[in-house]
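Visitor: So the sequence shown is numbered by my numbering: it starts at 60 and just counts up by one. Even for Gly, the Cβ is constructed at its ideal location relative to N, Cα and C.
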Amino acid sequence: MTLTMYGIPNCDTIKKARSWLDAHGVAYQFHDYKKAGIDRALLETWVAALGWEALLNRSGTTFRKLPEAARADLDAARAIELMLDQPSMIRRPVLLDGAGIEIGFKADRYAARFAA
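#1: Hey, quick one: how far does the alpha helix (DSSP H) through residue 87 stretch, first residue to last?
#2: Return the chain-ordered ranges of every beta strand (DSSP E) run that is complete within the segment 116–156 and spans a minimum of 3 residues.
#3: Residues in its own chain within less than 7 Å of residue 173 by CB, not counting five upstream and five downstream?
#4: Quick check on the burial criterion: 16 or more other C-beta atoms within 10 angstroms. Buried or exposed for residue 110?
#5: Give me the residue from 121, 130, 126 and 141 with the minimum Cα distance to residue 70.
#6: Decide if residue 66 is buried, meaning its Cβ has at least 16 other Cβ atoms within 10 Å, or exposed.
#7: If you compare alpha carbons, which of 152, 96, 160 and 72 is closest to residue 142?
#8: Since residue 162 contacts residue 108 with CB under 8 Å, what's their CB separation in whole angstroms?
#9: Report all residues from its chain with a CB closer than 6 Å to the CB of residue 151; omit the five preceding and five following residues, and keep chain order.
#10: Return yes when the Cβ of residue 79 is within less than 8 Å of the Cβ of residue 160, no when it is not.
#11: Just the C-alpha distance for residue 63 and residue 154, rounded to the nearest angstrom, thanks.
#12: Residues in its own chain within less than 7 Å of residue 138 by CB, not counting five upstream and five downstream?
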């Protein structure tokens, strides 16, 4: 299965992750949330595997700009709706391949996962 990176191209963490993958010769496809959106079924699969708390980027500007009422009393269903409406709220990057799902970027985790 092909490695797919999900995110937005202007995100600094995405830039670091892409640079790391490129420097280490790891082939991947990039899925731009801003242009292509995110599929509900795929997002629900990620939530089932990782939990909505791990996927929802509460520290990002998009989430912090929400009205307090939208941020209060979150559960999986409400978090999924927020992330579908504004994919910038999904923690980045999300890597998906046959080995599973990886969120965020840490060079040591990538090195362990993609060691030849």
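Guide: Per the coordinate set shown:
#1: For residue 87, there is no enclosing alpha helix (DSSP H), as DSSP marks it with neither H nor E.
#2: As far as the segment 116–156 is concerned, its whole beta strand (DSSP E) runs of at least 3 residues are 153–156.
#3: 83 and 85, listed in sequence order.
#4: Around the beta carbon of residue 110, a 10 Å sphere encloses fewer than 16 other beta carbons of the protein chains shown; the residue is thus reported as exposed.
#5: Considering only alpha carbons, the answer is 121.
#6: Buried.
#7: Of the candidates 152, 96, 160 and 72, the residue whose Cα lies closest to the Cα of residue 142 is 96.
#8: Actually they do not touch by this definition, with Cβ atoms about 10 Å apart.
#9: Non-local C-beta neighbours of residue 151 in its own chain, meaning closer than 6 Å and more than five positions away in sequence, comprise 66, 70, 72 and 73, ordered along the chain.
#10: Not closer than 8 Å, so no.
#11: Within the model, the alpha-carbon separation for residue 63 versus residue 154 is close to 6 Å.
#12: Same-chain partners within the cutoff: 111 and 115.
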